[in-house]
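These notes concern the structure reproduced below.
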Amino acid sequence: MEIFFEIHKDLPKESPGGDEYTRQAWQLLPPLSQPNILDIGCGPGAQTLELARLTDGHIKAVDNHQPFLDHLQAQATALGLLDQITCLNQSMFALSFPEATFDVLWAEGSIYIIGLVEGLKQWHSLLKPGGYLVLSELVWLQSQPPQAIQTYWAENYPGMRTLEEVLNLFPGCGYDLIGHFTLPEKGWWNYYLPVQARINDLGQRYHNNPEALTMLNNEQREIDMYREYHDWYGYEFVALQKSS
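Residue numbers (our numbering): 1279 to 1522.
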């Protein structure tokens, strides 16, 4: 894990995306006045900062890796957004908030950690009646993908579903679908290009460290897989409203 965090330390994002896609996802929601927002698994907080620019509400940003929260705190301070953002070290598996606290839950590139269905169910009670959940989830965009990419994701995210399967889950978990869109390829390279630069740098530094090289090779394999097979899978941004 030390090598993992060295790869990801101070990167602008911890998942594919970008400010323009956070804005696009926010615009799927109706206008909200001073919403109470929970950003779950916020990482270094690029989307948290963008949400603060987009709304006059307050955002509680939670993550269980303190260096990510420290980075977000420093960025929010530098940008004059700290009065809108509270950073909290919490696990998404055990969020300590009363029921019906939030108008919006935001899980950009993070719900896979707990699992899509588990997150939908566990977090449901945190929303006020009629509140909103915005998430992004890895999905198959086409049926019958090549064996190489099927095998890769069977090893790394065995719960991965087709887009149709994901969209059909929401009513049974107490949500109505408001809108969705697929993250374009540019959003992936917003994430992968900084990771690639870090891999190149650390590969030279750790050329005699087998454990570090294994981790670096795993990260490189993910990038290479996306480069070759990106037509077959992607991140789907989804906006939901609590229905029951």
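The beta carbon of each residue, even a glycine, is placed where N, CA and C say it ideally should be.
Source: prediction; values computed, not measured.
(message) Just to confirm, is the Cβ distance from residue 1410 to residue 1307 under 8 angstroms?
(response) yes
(request) Label residue 1324 either buried or exposed according to how many other C-beta atoms from any shown protein chain fall within 10 Å of its C-beta, with 16 as the threshold for buried. (result) buried
(message) Less than 6 angstroms between C-beta atoms, sequence neighbours within five positions excluded: which residues of the same chain meet that for residue 1368?
(response) 1340
(message) For residue 1405, tell me which candidate among 1513, 1375 and 1462 has the shortest Cα-Cα distance.
(response) 1375
(message) On a Cα-Cα basis, can you pick out the residue from 1506, 1479 and 1504 that is closest to residue 1281?
(response) 1479
(request) Following the continuous beta strand (DSSP E) through residue 1487, name the residue where it begins and the one where it ends. (result) First-last for residue 1487: undefined, no H or E at that position.
(request) Would you list, in sequence order, the uninterrupted alpha helix (DSSP H) runs of no fewer than 4 residues that lie entirely inside the region 1280 to 1359? (result) 1280 to 1286, 1297 to 1304, 1324 to 1332 and 1344 to 1356
(request) Could you name the residues of the same chain whose beta carbon sits closer than 7 angstroms to that of residue 1519, not counting the 5 residues immediately before and after it, in chain order? (result) 1408, 1410, 1453, 1454 and 1456
(message) Please report the distance separating the alpha-carbon of residue 1445 from that of residue 1486.
(response) 46 angstroms
(request) With DSSP collapsed to three states, give me the class of residue 1372. (result) coil
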